[in-house]
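Q: Respectively, the protein sequence lines represent chains A and B.
According to this note's numbering, the residues represented by the first sequence are 13 to 502, in order.
According to this note's numbering, the residues represented by the second sequence are 13 to 502, in order.
Protein chains: 2
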Amino acid sequence: MWTRCVTTVAQNAIKTGSSRAASSIVSGEPKEPKIVTSEIPGPKSKKLIAELDSVTQSSSVQFFADYEKSLGNYITDVDGNVFLDIFMQISSMPIGYNHPAMLNVFKDEKRLKALVNRPALGSFPGEYWPKKLKDVLLSVSPGLPNVMTMMCGSCSNENAFKCLFMTYMKHQRGENVDFSELEKSSCMVNQPPGAPDLTLLSFHGGFHGRTMGTLSTTHSKAIHKLDVPAFDWPTASFPKYKYPLEEHFKENKAEDDKCLAQVEELIEEYNKKGRPVAGIVVEPIQSEGGDNEASPEFFQKLQRIAKKYGAGLLIDEVQTGGGPTGKMWCHEHFDLETPPDIVTFSKKMITGGFYHNIDQKPAQPYRIYNTWLGDPGKLFLLEAFLDVLKQQNLLDQVNSVGAKLKSGLHDYEKEYPSLLNSVRGRGTFLAVNASTTALRDKLVGNLKKKGILSGGSGDNAIRFRPSLTLQQNHVEIFLDRFGQVLKEVK
Amino acid sequence: MWTRCVTTVAQNAIKTGSSRAASSIVSGEPKEPKIVTSEIPGPKSKKLIAELDSVTQSSSVQFFADYEKSLGNYITDVDGNVFLDIFMQISSMPIGYNHPAMLNVFKDEKRLKALVNRPALGSFPGEYWPKKLKDVLLSVSPGLPNVMTMMCGSCSNENAFKCLFMTYMKHQRGENVDFSELEKSSCMVNQPPGAPDLTLLSFHGGFHGRTMGTLSTTHSKAIHKLDVPAFDWPTASFPKYKYPLEEHFKENKAEDDKCLAQVEELIEEYNKKGRPVAGIVVEPIQSEGGDNEASPEFFQKLQRIAKKYGAGLLIDEVQTGGGPTGKMWCHEHFDLETPPDIVTFSKKMITGGFYHNIDQKPAQPYRIYNTWLGDPGKLFLLEAFLDVLKQQNLLDQVNSVGAKLKSGLHDYEKEYPSLLNSVRGRGTFLAVNASTTALRDKLVGNLKKKGILSGGSGDNAIRFRPSLTLQQNHVEIFLDRFGQVLKEVK
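1) What span of residues does the beta strand (DSSP E) with residue 236/A cover, start to end?
2) Looking only at its own chain, which residues have a Cβ that is under 8 angstroms from the Cβ of residue 399/A, when we skip the five neighbours before and after it?
3) Determine the closest residue to residue 421/B out of 473/B, 119/B and 401/B, with distance taken between C-alpha atoms.
4) Using only alpha-carbon positions, find the residue among 489/B, 380/B, 434/B and 352/B that is nearest to residue 416/B.
5) Could you pull out every residue in the same chain whose Cβ sits closer than 6 angstroms to the Cβ of residue 434/A, ignoring the five residues on either side in sequence?
6) Buried or exposed for residue 481/B, going by 16 or more other Cβ atoms inside 10 Å?
7) Between which two residues does the alpha helix (DSSP H) holding residue 212/B run?
8) Just the C-alpha distance for residue 72/B and residue 277/B, rounded to the nearest angstrom, thanks.
9) At least one CB of chain A closer than 8 angstroms to the CB of residue 109/B: is that the case?
10) Secondary structure at residue 433/B, three-state DSSP: helix, strand or coil?
11) Per DSSP, which one or two residues make a beta bridge with residue 46/B?
12) Could you give the DSSP three-state label for residue 505/B: helix, strand or coil?
13) Check whether the Cβ of residue 400/B lies closer than 8 angstroms to any Cβ atom in chain A.
14) Out of 134/B, 101/B, 209/B and 42/B, which has the shortest C-alpha to C-alpha gap to residue 285/B?
15) Could you check if residue 345/A is buried or exposed, using at least 16 other CB atoms within 10 Å of its CB as the buried criterion?
16) Under 8 angstroms between the Cβ atoms of residue 151/B and residue 226/B?
17) Between the segment 353-383 of chain B and chain A, which residues of the former have a C-beta closer than 7 angstroms to a C-beta of the latter?
18) What's the C-alpha gap between residue 280/A and residue 211/A?
19) Less than 8 angstroms between CB atoms is the rule here; does residue 470/A satisfy it with respect to chain B?
20) Are there 16 or more other CB atoms within 10 angstroms of the CB of residue 183/A, so buried, or fewer, so exposed?
21) Distance, Cα to Cα, residue 136/B vs residue 148/B?
22) Inspect the CB distances between the segment 61-69 of chain A and the segment 93-112 of chain A and report whether three or more fall short of 8 angstroms.
23) So does the segment 154-171 of chain B actually touch the segment 384-404 of chain B, counting three or more Cβ pairs closer than 8 angstroms?
24) For residue 100/B, report the span of its alpha helix (DSSP H) as first-last.
25) What ranges does the beta strand (DSSP E) occupy inside the segment 432-499 of chain B, keeping only unbroken runs of at least 3 residues that lie completely in it?
26) Between residue 491/A and chain B, is any beta-carbon pair separated by less than 8 angstroms?
27) Quick one: which chain A residues come within Cβ less than 7 angstroms of residue 301/B?
28) Using DSSP with H/G/I as helix, E/B as strand and the rest coil, what is residue 261/A?
29) Measure from the C-beta of residue 25/B to each C-beta in chain A and report whether the shortest distance is under 8 angstroms.
30) What residue ranges within the segment 113-138 of chain A form continuous alpha helix (DSSP H) runs of no fewer than 4 residues, ordered along the chain?
31) Quick check on the burial criterion: 16 or more other C-beta atoms within 10 angstroms. Buried or exposed for residue 76/A?
32) Leaving out five residues before and five after residue 219/A in sequence, what residues of the same chain have Cβ atoms less than 6 angstroms from its Cβ?
33) Any idea if residue 487/B is buried or exposed, counting beta-carbon neighbours within 10 angstroms, 16 or more meaning buried?
34) Going by alpha carbons, who is nearest to residue 91/A out of 316/A, 58/A and 188/A?
35) Name, please, each residue of chain A whose Cβ falls closer than 7 angstroms to the Cβ of residue 53/B.
36) Could you tell me the alpha carbon to alpha carbon distance between residue 195/B and residue 181/B, rounded to whole angstroms?
Okay, structure coming up:
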């Protein structure tokens with residue numbers, strides 16, 4: 013039922029562009045949010061938070077969820093509140109809660125055994141592994157022939173960074189030139205030339221993870237970085253656009269040019285002082301640091317700069333990848349001349365990892381290696397998700413549902429210009445700015461009280477990160493509640 | 013059957029110290045290894061390696077395994093070879109292959125839903141989470157009251173390192189003193205004072221991971237580190253003992269003192285030059301870099317030095333934790349005055365993470381945080397493993413089986429003094445040196461041809477990393493095959 017009816021309903025919704033609530037594609041999904049406690053978190057959540065706090069840092073917990081009752085686009089908390097979830101575990105649940113296709117994965121004995129007998133994939137992979145990498149991960153590759161699996165976004169980026177450094181040094185050294193004895197001995201005590209003083213260029217507002225390599229390229233919030241030593245690497249400005257885009261074409265193009273000029277200046281400066289830039293690390297939309305976007309032309313030119321200076325281009329699709337922008341990979345909107353050198357992923361992709369070109373493949377074993385190198389269990393879940401995505405044309409649905417959501421947000425920014433501005437994004441991967449941080453926090457908080465679970469991005473933005481199964485009727489519910497909230501705070 | 017007979021058989025084996033092969037505790041486990049191909053990897057594995065190589069770096073792959081057929085202590089490859097596995101996925105499978113207790117975990121609908129609806133544990137944990145952290149992880153804590161879950165050993169260490177830095181700075185700043193504006197702005201561009209120039213002291217031969225923070229404390233093999241920029245942090249010598257220990261007490265004590273003096277000198281040197289040592293990072297046995305061990309007195313004194321200089325002590329039990337040394341945590345053999353500040357784990361613990369004291373708990377949210385913060389599915393598997401460990405007194409079995417294995421190795425080093433030396437380790441977490449690297453590689457290779465899957469550690473050691481279900485009969489099989497190999501190469 014669940015899997016049968018979805019295509020038809022979704023396609024009808026697309027065809028008709030109906031503004032009436034389409035019937036839910038998730039059998040048994042709640043019809044609307046329901047808030048039963050006067051405060052959120054409610055009393056049961058509060059008790060559990062206190063219990064958790066005796067064991068671990070718990071002050072980031074918003075509420076405790078009931079993952080048996082949560083369904084489709086709705087998350088239920090332990091106090092019985094039911095939220096329409098447009099944040100979806102920080103953009104990570106691709107097709108919502110308790111999707112039958114996902115629940116079925118480990119009912120298959122072979123997959124269960126692959127999950128439980130977790131191998132060291134770099135040394136003793138299971139028979140199924142090469143075929144699964146091809147059929148599942150490479151079936152949605154953004155034009156890159158190789159893939160490495162990892163555990164999460166941070167370690168995907170960490171290992172991808174290492175590939176950028178190794179490839180840069182391979183080019184310096186010559187393709188088949190062996191490491192020198194001095195390189196081998198000096199790297200053991202963290203000194204050049206074996207541990208060379210290479211750098212990566214990243215962008216203000218970017219987020220690439222919280223481990224110490226990736227944290228050195230993360231520049232979104234101070235609380236992520238305070239007290240942690242960091243590599244002294246170059247940071248360039250990322251474009252800050254004026255909205256609506258069609259009215260600010262010239263200024264935004266100038267902004268692109270200014271940022272790109274800075275990228276080039278920084279590369280030249282760092283190369284000159286003997287700290288070469290081995291790679292450029294960038295999100296296609298700055299997904300934590302304010303949902304800042306840049307034009308296809310910006311990314312095309314950025315790639316040309318990377319090529320000019322022999323720096324690898326890494327596009328971090330940890331949050332944008334897996335379909336929410338209406339394409340499998342957000343950077344596919346940019347019409348790049350060639351694929352990026354590396355594309356990292358995690359979150360909606362369920363497994364972490366990165367695609368890369370052959371130039372980025374390490375020639376020697378054990379350079380990009382760890383005990384588990386990912387987890388077959390996660391690849392089987394990804395397979396189930398991608399089957400649903402393909403069978404049900406979820407990317408089309410994302411585009412039509414996203415268009416409706418964006419249009420509704422535009423209406424509100426016109427109605428409340430002192431409260432909202434800068435509606436932006438692609439697919440359902442959207443954002444809107446509130447006029448102040450305090451207002452943004454109030455809007456997110458009041459939405460929650462009305463049963464809508466959303467999230468903030470950067471200082472002022474509300475970010476939309478629903479699952480790919482969000483439909484027209486969910487958008488209508490959201491817009492209705494958002495309208496109420498805006499009316500209350502104006 | 014599997015779960016019923018084990019205690020009795022194991023206890024009988026302990027009581028009798030029987031040298032006859034006890035009947036296997038794993039119902040249906042092969043009686044002995046069986047090699048059916050003339051080369052390993054066999055033809056089917058070779059074909060799959062070629063297939064894998066078109067998709068990803070594959071030259072570290074030893075063979076492809078059949079995880080449906082592998083059982084207990086035996087791993088079966090796709091060519092039908094059956095190996096007694098004393099390497100166990102680089103020390104990570106705690107109770108062997110296809111253990112019924114593990115296969116049962118996700119037959120429970122509630123646990124399956126916790127696995128499939130993977131939450132952002134720092135924001136929307138499931139109702140079950142606080143109780144599971146307490147009942148499962150804290151039930152085996154080495155005296156530390158708090159725990160954070162992570163995904164793997166590297167990210168456990170990365171995040172634990174961050175705690176060391178944050179705690180050090182908290183002590184500098186004063187408990188409730190807020191960050192300065194300068195700290196907040198400077199950290200965003202990777203500069204002090206916000207991103208302070210703190211260091212961690214680690215040891216030559218140590219291994220703590222391959223992400224960029226942990227890699228800066230890893231000093232086991234050049235191939236792990238070449239071409240990757242590293243933090244310029246102090247590295248001290250780790251004791252290198254002469255064996256047998258009882259004949260070299262004086263020299264080994266002098267070795268301890270020399271290394272400890274160097275630790276103290278390095279801390280003073282780095283503190284003096286404004287690059288304070290915020291923590292000491294050490295394995296209880298250097299598990300990748302040669303299975304180097306140090307005395308309880310060494311670790312007691314190391315802890316005193318750490319306390320003297322206000323540096324946190326992190327004991328990395330990623331490979332040693334979970335029982336293989338005959339105690340749940342290897343450092344519990346050391347009778348430390350207080351627990352270490354932080355103990356990291358992964359591998360046999362199935363989930364990554366770290367235990368810590370309250371001083372190391374960040375006061376603010378989002379400082380130690382990421383999207384998933386571990387994986388409930390892994391905690392449920394750990395719960396099943398720990399139930400088996402407790403019910404079947406596996407730590408006792410590890411001690412008795414390890415004693416037999418160690419005694420057999422001692423016999424061989426006496427018989428072949430020009431080939432073998434320095435038998436060492438605790439429980440079944442043992443090692444023996446070959447006289448040269450070439451010989452070690454040959455022994456490991458020839459063992460494999462006789463159906464024993466083992467691994468190397470450092471330059472010269474063979475390391476033993478069996479599951480906790482290794483029994484006397486497996487040891488007899490190993491010793492028999494090892495004897496044949498030694499006879500052939502002498």
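Beta carbons are placed, not taken as given, at the ideal position from N, Cα and C, and that holds for glycine.
These numbers come from a predicted model, not from an experiment.
A: Reading off the structure:
1) As a first step, residue 236/A must be located in the first sequence, where it is residue number 224. That residue, residue 236/A, is in no beta strand (DSSP E); its alpha helix (DSSP H) goes 234-237.
2) Taking the first residue of the first sequence as 1, we reach residue 399/A at position 387. So the list reads 113, once near-sequence residues are dropped.
3) Taking the first residue of the second sequence as position 1, residue 421/B is located at position 409. Here the closest residue by C-alpha is 473/B.
4) As a first step, residue 416/B must be located in the second sequence, where it is residue number 404. Among 489/B, 380/B, 434/B and 352/B, the Cα nearest to that of residue 416/B is on 489/B.
5) Here residue 434/A refers to the residue found at position 422 when the first sequence is read from its first residue. Result list for residue 434/A: 255 and 445, in chain order.
6) Counting from one through the second sequence, the residue named residue 481/B turns up at place 469. Residue 481/B is buried by the Cβ-count criterion.
7) Here residue 212/B is taken as the residue at index 200 of the second sequence, counted from 1. Where residue 212/B is concerned, there is no enclosing alpha helix (DSSP H), although the beta strand (DSSP E) it sits in stretches over 211-215.
8) For the purposes of this step, residue 72/B is taken as the residue at position 60 of the second sequence. For the purposes of this step, residue 277/B is taken as the residue at position 265 of the second sequence. Going from the Cα of residue 72/B to the Cα of residue 277/B covers about 40 angstroms.
9) By one-based count along the second sequence, residue 109/B stands at place 97. Yes, contact with chain A.
10) For this step, residue 433/B is matched to residue 421 along the second sequence. Residue 433/B: strand per DSSP, three-state reduction.
11) Taking the first residue of the second sequence as 1, we reach residue 46/B at position 34. The partner list for residue 46/B (beta bridge, DSSP) reads 94/B.
12) Since the first and last residues shown for chain B are 13 and 502, residue 505/B lies out of range.
13) For the purposes of this step, residue 400/B is taken as residue 388 along the second sequence, with counting starting at 1. For residue 400/B, the answer is no, since every Cβ of chain A falls outside 8 angstroms of its Cβ.
14) Residue 285/B sits at position 273 when you count from the first residue of the second sequence. Looking at the Cα atoms, 209/B is the closest of the given residues.
15) The residue you call residue 345/A lines up with position 333 of the first sequence. Per the 10 Å Cβ criterion, buried.
16) For this step, residue 151/B is matched to residue 139 along the second sequence. For this step, residue 226/B is matched to residue 214 along the second sequence. No.
17) 359, 373, 374, 376, 377, 378, 379, 380, 381, 382 and 383
18) As a first step, residue 280/A is located in the first sequence; it is residue number 268 there, counting from the start. As a first step, residue 211/A is located in the first sequence; it is residue number 199 there, counting from the start. For residue 280/A and residue 211/A, the distance between alpha carbons rounds to 12 angstroms.
19) Numbered from its first residue, the first sequence carries residue 470/A at position 458. No, no contact with chain B.
20) Indexing the first sequence from 1 puts residue 183/A at position 171. So residue 183/A ends up on the exposed side.
21) As a working mapping, residue 136/B is identified with position 124 in the second sequence. As a working mapping, residue 148/B is identified with position 136 in the second sequence. Roughly 20 angstroms between the two C-alpha positions.
22) no
23) yes
24) Residue mapping note: residue 100/B aligns to position 88 of the second sequence, counting from 1. Segment 100-103, the alpha helix (DSSP H) holding residue 100/B.
25) 432-438, 441-446, 467-469 and 473-475
26) Position 479 of the first sequence, counting from 1, holds the residue named residue 491/A. Not closer than 8 angstroms to any Cβ of chain B, the Cβ of residue 491/A fails to qualify, so no.
27) Here residue 301/B is taken as the residue at index 289 of the second sequence, counted from 1. Result: empty, since nearest Cβ-Cβ is about 10 angstroms, beyond 7 angstroms.
28) Here residue 261/A refers to the residue found at position 249 when the first sequence is read from its first residue. In the structure shown, residue 261/A sits in a helix (DSSP, three-state: H, G or I).
29) The residue labelled residue 25/B in the question sits at position 13 within the second sequence. Confidence in residue 25/B is poor, its pLDDT being 36 and thus under 50, which makes the residue's placement unreliable; the coordinate value appears in the next sentence. Judged by the 8 angstroms Cβ criterion, residue 25/B is not in contact with chain A.
30) 121-128
31) Taking the first sequence and counting its residues from 1, the one referred to as residue 76/A is at position 64. Classification of residue 76/A: buried, given that the 10 Å Cβ count is 16 or more.
32) Counted from its first residue, the first sequence places residue 219/A at position 207. Same-chain partners within the cutoff: 230, 232, 300 and 301.
33) Here residue 487/B is taken as the residue at index 475 of the second sequence, counted from 1. Buried.
34) The residue labelled residue 91/A in the question sits at position 79 within the first sequence. Checked all of 316/A, 58/A and 188/A; the closest Cα to residue 91/A is 58/A.
35) To locate residue 53/B, count along the second sequence from 1; it is residue 41. Neighbours of residue 53/B on chain A: none; closest Cβ ~10 angstroms, over 7 angstroms.
36) As a first step, residue 195/B must be located in the second sequence, where it is residue number 183. As a first step, residue 181/B must be located in the second sequence, where it is residue number 169. When rounded, the distance between both Cα atoms is 11 angstroms.
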